[in-house]
Amino acid sequence: MLKSVLMLTSLFTIIVDHHAVRSQGGATQQIEAIVKGRCFAYRFVRPPGLLPIPDVDCDELWANFSSAWTYRESCGQNRSSYENLIHPLNQPLPPNKSLFWEETKDFTHRLANDGKRYVPIESTLIGYVADDLTWCGQTSAPGINFTYCPPYHSCSNEVMFDFWVAASKWFASHAQGEVRVVLNGSLPAGVAYGRNSVFASVELANLRSGIVTKLTALLVHDLDKPKMETCGSQSLLDLKADVLAKNIAFDCLENPPEVKYLLCADLPESPECKQNDCGNLPPYNRGSGVVTGSKEGLCSILLYLALTSVVISMGR
Amino acid sequence: MSTRTEMGLLASSILVCLIVQLVRSQEDPNSNKGTTDNIKAVFEGRCWDYDVTKYNDLLPRIDADCNVLWDKFSQAFSFRAPCAVKLSSYEEFMSLAKQSLPANKVMFWSGIFSLAHRYSENGARFITLEDTMIGYLANSLTWCGQESPPGINYSSCPDWSDCPTEASESFWAGASATFASQATGNVTLMVDGSDPNKPAYRRSSFFGKYELPNLAISKVQSVNVIVAHALDKPKIEVCGNGSLALLKKDVTARGLSFTCEDDPDAVLHLLCSDDPASRECQLATAHQAGSLPSNLLETAGFNQKPADMLSQTVVY
């Protein structure tokens, strides 16, 4: 029985985005205290980053959240039941900062730098309070099943999946300007962009043409491993077609510098992190400033000129 | 910390501790605001949250109930004059919330909050005080007591400099001492070598006053110092000179080995992730051949860095 549950869970987690990671067992213990505590921390403690802080009543937030699923069966509920929670919050999203992800949650969060560089859904209040939690209801008191919850998206209108679909729909439909999606180009068997993913079916589908001007796919490759897909692979071409069909411009970048440096921070010894145009020098000029005098040589000058010329040529 | 592919529930559970968003900020401890609103709900919510979703595979769980932890914590300062807190006041709380720490993973930091925490990666690379239960609960909170009910002053806490040092530093002194006393093996310290306003190492810092003196010389072998420098800024102090020479003297005087490294590659990679076009960041040259996104070059520019990583520093 346990094994079949695990297999089922794995199946569904591969197919769809998932934020709830402890579907094993029941609802997260003390979920009410955790959600309220996160809400208060979001309002009064957490640095705001790029997002305005909504003036929300955290007790009311919990009431609106829990009323969508407590004292109910975990499956088969009406999907719109989270509207009372999500609609009134309506936290404004800054233009050009929205960051979507598919199969890259951990890396995406590091890239987003706690909502200070980019805004993934987990940096918005609604995503923040629910991230990594598990919940489901039961008709008998206390209305929450702390013993067993059906795996994420394992049945029709499963309550956690419906929550993330509703939250993702809100998140995508309020994005503005240039948006980005972080995709995994090193999935052993998968496709970086699947049309049945939450990103495709909920987020991309709800981007507003004319208000979202461009979507850039950041295709992340594990260092030193075979690239399973590139920007020219079929799933990325599918994505391009789907984005262009919405009249939104498209770009695809494989391990662009901000991504690659973050990967290299974890694997500094990787050959990919040592490459440079300066022969066998270390990857960085270790020129010193006021203390030891400058050791920076020809290499950095050449680099400066090279990059400057790139800027100039791009300006034309 | 290389896994970015989510391979299902089990793998995801392991990732929980890596993908959490730590609440952290760089509050000015001298600001005259009162106790954090809803501090009890934030504190207890964090406590339950930590117990269920944070650092599950890295740090042991706490036996004490979260309500008990709050009681012990708040008893240390509530219904007392704000400056009437002693170093020993938090002892009972500390002893209940204390965790054993894995060998070779402890990292201290001084004057460089943001980069140190991005480098430590929520415990994946190193464990900082803010990753432990004690630090996690109190991080970025403000609190002080008053003799009249409700015993906690929510409107105004004193300027730290108006209190005796013992009162102003009591909590974090105890937390730092507790943390240091649990360290084993090789420990790491990250400092800022490009702060024009203060030396990288000061004997009056928390590291100097409470951490270095509390390292157990029978259990700790060496102190490995990382000196980080902001990109494109003068390196005011590097290993071996200025206050870093004094640090070496103080560490060896305690009978511990001492190593020091300026800007290890992994740290530079992290800095470059924020500012790929900086002249120090040569990997960007790999992208000259058309794959370097124009927005990175145009927005970052030379000798300008996003005022992010090194500028956001805090001294308790």
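Residue numbers (this note's numbering), protein chains in the order written: chain G, 1 to 316; chain V, 317 to 632.
Every residue gets a Cβ at the ideal spot worked out from N, C-alpha and C, and that includes glycine.
The structure presented is a predicted model; accordingly, all values stated were derived computationally and were not measured.
Residue i - DSSP class collapsed to helix/strand/coil
{"i": "V/Gln498", "result": "coil"}
{"i": "G/Leu237", "result": "helix"}
{"i": "V/Gln598", "result": "helix"}
{"i": "G/Gly49", "result": "coil"}
{"i": "G/Lys36", "result": "helix"}
{"i": "V/Val554", "result": "coil"}
{"i": "V/Phe359", "result": "helix"}
{"i": "G/Asp242", "result": "helix"}
{"i": "V/Trp364", "result": "helix"}
{"i": "G/Glu102", "result": "strand"}
{"i": "V/Gly461", "result": "strand"}
{"i": "G/Lys214", "result": "strand"}
{"i": "V/Thr568", "result": "helix"}
{"i": "V/Ala454", "result": "helix"}
{"i": "G/Thr230", "result": "coil"}
{"i": "G/Ser209", "result": "strand"}
{"i": "V/Ile468", "result": "strand"}
{"i": "G/Asn184", "result": "strand"}
{"i": "V/Cys576", "result": "strand"}
{"i": "V/Gln391", "result": "helix"}
{"i": "G/Phe107", "result": "helix"}
{"i": "G/Trp69", "result": "coil"}
{"i": "V/Phe424", "result": "strand"}
{"i": "G/Glu254", "result": "strand"}
{"i": "V/Ala483", "result": "helix"}
{"i": "G/Ile248", "result": "coil"}
{"i": "G/Thr292", "result": "For G/Thr292, the predicted structure reports a pLDDT of 32, less than 50, and the residue's modelled location is therefore unreliable. A value from the coordinates is still provided. DSSP places G/Thr292 in coil when its eight states are reduced to three."}
{"i": "V/Thr352", "result": "coil"}
{"i": "V/Thr444", "result": "coil"}
{"i": "V/Ser416", "result": "coil"}
{"i": "V/Ala544", "result": "strand"}
{"i": "V/Ser520", "result": "coil"}
Backbone CA spacing between residue i and residue j [nearest angstrom]
{"i": "G/Val290", "j": "G/Gln91", "result": "Below a pLDDT of 50, predicted positions are generally treated as unreliable, and G/Val290, at 32, falls in that range; the measurement from the model is reported next regardless. Each residue's alpha carbon lies about 46 Å from the other."}
{"i": "G/Glu203", "j": "V/Ala489", "result": "47 Å"}
{"i": "V/Asp373", "j": "G/Ile248", "result": "42 Å"}
{"i": "G/Asn157", "j": "V/Leu453", "result": "36 Å"}
{"i": "V/Asn455", "j": "G/Ala241", "result": "46 Å"}
{"i": "G/Glu103", "j": "G/Asn84", "result": "29 Å"}
{"i": "V/Glu596", "j": "V/Val541", "result": "22 Å"}
{"i": "V/Ala544", "j": "V/Pro515", "result": "13 Å"}
{"i": "V/Thr500", "j": "V/Glu482", "result": "27 Å"}
{"i": "G/Gly190", "j": "G/Cys252", "result": "18 Å"}
{"i": "V/Leu547", "j": "V/Ser430", "result": "15 Å"}
{"i": "V/Ser464", "j": "V/Phe395", "result": "6 Å"}
{"i": "V/Lys700", "j": "V/His433", "result": "Nothing can be reported for residue 700 of chain V: it is not among the residues displayed for chain V, which extend from 317 to 632."}
{"i": "V/Ser607", "j": "V/Ala493", "result": "Only weak support exists for where V/Ser607 lies, its pLDDT of 41 falling under 50; the value from the coordinates is given anyway. For V/Ser607 and V/Ala493, the distance between alpha carbons rounds to 49 Å."}
{"i": "V/Ile450", "j": "G/Leu218", "result": "37 Å"}
{"i": "G/Thr70", "j": "G/Cys149", "result": "12 Å"}
{"i": "G/Gly143", "j": "G/Lys274", "result": "56 Å"}
{"i": "V/Ala380", "j": "V/Lys414", "result": "10 Å"}
{"i": "V/Tyr526", "j": "V/Leu403", "result": "12 Å"}
Residue i: CB within 6 Å of a non-hydrogen atom of the ligand PLP
{"i": "V/Leu562", "result": "Ligands are entirely absent from the displayed structure, and the ligand PLP is therefore not among its contents."}
Rounded distance between the beta-carbons of residue j and residue i, thought under 8 Å
{"i": "V/Pro592", "j": "G/Tyr261", "result": "6 Å"}
{"i": "V/Asp578", "j": "V/Cys555", "result": "5 Å"}
{"i": "V/Pro474", "j": "V/Cys460", "result": "7 Å"}
{"i": "G/Tyr82", "j": "G/Ala68", "result": "5 Å"}
{"i": "V/Tyr435", "j": "V/Val583", "result": "6 Å"}
{"i": "G/Gly184", "j": "G/Ala192", "result": "Residue identity check: residue 184 of chain G is Asn in the sequence provided, not Gly. Contact flag correct, Cβ pair sits at about 6 Å."}
Legend entry - Contact set between the region 566–587 of chain V and chain G, restricted to residues whose Cβ is under 9 Å from the partner: Asp578, Asp579, Pro580, Asp581, Ala582, Val583, Leu584, His585, Leu586, Leu587
Legend entry - Proximal residues, the region 362–386 of chain V versus chain G, C-beta separation under 7 Å: Arg362, Trp364, Asp365, Val368, Thr369
Legend entry - the region 34–52 of chain G contacting the region 84–100 of chain G, beta-carbon criterion three pairs below 8 Å: yes
Legend entry - Members of the region 436–458 of chain V near chain G, C-beta cut-off 7 Å: Ser456, Leu457
Legend entry - Touching by the beta-carbon criterion (3+ pairs, under 8 Å), the region 168–185 of chain G and the region 95–105 of chain G: yes
Inset, instruction - State whether the region 568–581 of chain V contacts the region 526–544 of chain V, with contact taken as three or more CB pairs (one from each stretch) at a distance under 8 Å. - result: yes
Inset, instruction - Residues of the region 347–359 of chain V with a CB closer than 8 Å to any CB of chain G: list them in chain order, please. - result: Thr352, Asp353, Asn354, Ala357, Val358, Phe359
Inset, instruction - Spell out a yes or no on whether the region 408–415 of chain V and the region 486–501 of chain V are touching, meaning 3 or more CB-CB pairs, one atom from each, closer than 8 Å. - result: yes
Inset, instruction - Determine contact between the region 356–363 of chain V and the region 30–44 of chain G, defined as no fewer than three beta-carbon pairs at a distance below 8 Å. - result: yes
Inset, instruction - Would you be able to state if there are at least three C-beta pairs under 8 Å between the region 437–449 of chain V and the region 420–428 of chain V? - result: yes
Legend entry - Contact the region 462–477 of chain V vs the region 503–512 of chain V: 3+ CB pairs below 8 Å: no
Legend entry - the region 160–178 of chain G / the region 209–226 of chain G touching (three or more Cβ pairs under 8 Å): yes
Legend entry - Selection of the region 461–484 of chain V by Cβ proximity to chain G, strictly under 9 Å: none
Inset, instruction - Give a yes or no on contact between the region 158–168 of chain G and the region 122–133 of chain G, applying the rule of three or more CB pairs nearer than 8 Å. - result: yes
Inset, instruction - With 7 Å as the C-beta to C-beta threshold (strictly closer), list the residues of the region 28–42 of chain G near chain B in chain order. - result: Here the protein chains are G and V, and chain B is not one of them.
Inset, instruction - Identify each residue in the region 503–523 of chain V for which the Cβ-Cβ distance to at least one residue of chain G is less than 7 Å, and report them in chain order. - result: none
Inset, instruction - Identify each residue in the region 486–500 of chain V for which the Cβ-Cβ distance to at least one residue of chain G is less than 8 Å, and report them in chain order. - result: none
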